[in-house]
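*Asks:* Can you read through this structure? Questions will come right after.
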Amino acid sequence: MSERHHMTGCVRRVPIFNHLPEEQLNEVMKTVHSKPFLAGSFLFKAGDKSTGLYVVHTGKVKLYRSNEEGKDQLVRLLLPGDFTGELGLFLDQDHDVFAQAVEDSQVCHIKQSDIETLLTAYPKIALTLLKHLAKRLDESERALQQATSGPVDVRLKTFIHQLVPGAHYPIECELPMKQKDLASHLGTTPESISRAIKRLEKSGEIKKLGPKSFRILKPLQ
Numbered sequence: 001m002s003e004r005h006h007m008t009g010c011v012r013r014v015p016i017f018n019h020l021p022e023e024q025l026n027e028v029m030k031t032v033h034s035k036p037f038l039a040g041s042f043l044f045k046a047g048d049k050s051t052g053l054y055v056v057h058t059g060k061v062k063l064y065r066s067n068e069e070g071k072d073q074l075v076r077l078l079l080p081g082d083f084t085g086e087l088g089l090f091l092d093q094d095h096d097v098f099a100q101a102v103e104d105s106q107v108c109h110i111k112q113s114d115i116e117t118l119l120t121a122y123p124k125i126a127l128t129l130l131k132h133l134a135k136r137l138d139e140s141e142r143a144l145q146q147a148t149s150g151p152v153d154v155r156l157k158t159f160i161h162q163l164v165p166g167a168h169y170p171i172e173c174e175l176p177m178k179q180k181d182l183a184s185h186l187g188t189t190p191e192s193i194s195r196a197i198k199r200l201e202k203s204g205e206i207k208k209l210g211p212k213s214f215r216i217l218k219p220l221q
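Under the UniProt record's numbering, the very last position in the sequence shown is 221; numbers go up by exactly one each time.
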């Protein structure tokens, strides 16, 4: 598959660009560089200099922090169409998270200088970007509230839905982390996650295939 095909897919998929008319989309595509990342490889690490915007075209990328004890804490899972690196456009700081491909992924990159030029030339991109950041902040606050107060089953179902948005069932799904890390992310214990998975199996909603993989048989209610 050609690099231009990947670039076109990235630009047309990402929310801050897909509203642009064809002529402006073509201008954006001139600034995009597409690169493959094997599962387990890093787009960037905490402490690296922020160089621009990363857009996931295919695959999944996880953003996480690592504490002094070496324990990882998932910040966000990026699916096709999602992007990261936007804070570097407004804050003069290095990356404070690790970005690692969960599976083989194709990622597009737009240099910070090119993004700044695009924001100046097309103010609507800047407005859409601000709306996206506001939406992301709202989602983060809701997720934090749910992670600390909602039933474990609901937290787990919400997380799984984020992995396969708009999927046609049945569909196979693989967790991007170990069960103990998922428990930490959802604010509960590994034992509670195990019990929640067993309840979903018993209700006929999922079928476990392996330690981190399962088949979703129908939409999780």
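Built from N, CA and C at the ideal position, the CB exists for glycine as well.
Count the C-beta pairs between the segment 24-31 and the segment 95-106 that are closer than 8 Å, then say yes if the count reaches three, no if not.
*Replies:* no
*Asks:* Determine the direct distance from the alpha carbon of Cys-173 to that of Gln-73, and round the result to whole angstroms.
*Replies:* Looking up residue 73 in the sequence shown gives position 73. Looking up residue 173 in the sequence shown gives position 173. Looking at the two C-alpha atoms, the distance is approximately 21 Å.
*Asks:* Are at least three pairs of beta-carbons, each pair with one atom in the segment 50-66 and one in the segment 74-87, less than 8 Å apart?
*Replies:* yes
*Asks:* Is Leu-163 a contact residue of the ligand MG, with contact defined as CB to any heavy atom under 7 Å?
*Replies:* Of the ligands one can find in the structure shown there are none, so the ligand MG has no counterpart to examine.
*Asks:* Rounded to a whole number of angstroms, what is the C-alpha to C-alpha distance between Tyr-122 and Asp-114?
*Replies:* The sequence position of residue 122 within the sequence shown is 122, counting from 1. The sequence position of residue 114 within the sequence shown is 114, counting from 1. Pairing Tyr-122 with Asp-114, the inter-Cα distance amounts to about 12 Å.
*Asks:* When you compare each of Gly-52, Lys-45, Gly-40 to residue 222 by their alpha carbons, which one comes out closest?
*Replies:* Examination of residue 222 is not possible in this model, given that the chain is present from 1 through 221 alone.
*Asks:* Is Phe-159 helix, strand or coil when you go by DSSP?
*Replies:* Locating residue 159 in the sequence shown gives position 159, where the first residue counts as 1. Of the three classes helix, strand and coil, the one that applies to Phe-159 here is helix, per DSSP.
*Asks:* Does DSSP put Asp-82 in a helix, in a strand, or in coil?
*Replies:* Position 82 of the sequence shown holds residue 82. DSSP places Asp-82 in coil when its eight states are reduced to three.
*Asks:* Exposed or buried, which one is Leu-91 when buried takes at least 16 other CB atoms within 10 Å?
*Replies:* If you number the sequence shown from 1, residue 91 lands on position 91. Around the C-beta of Leu-91, fewer than 16 other C-beta atoms lie within 10 Å, and the residue is accordingly described as exposed.
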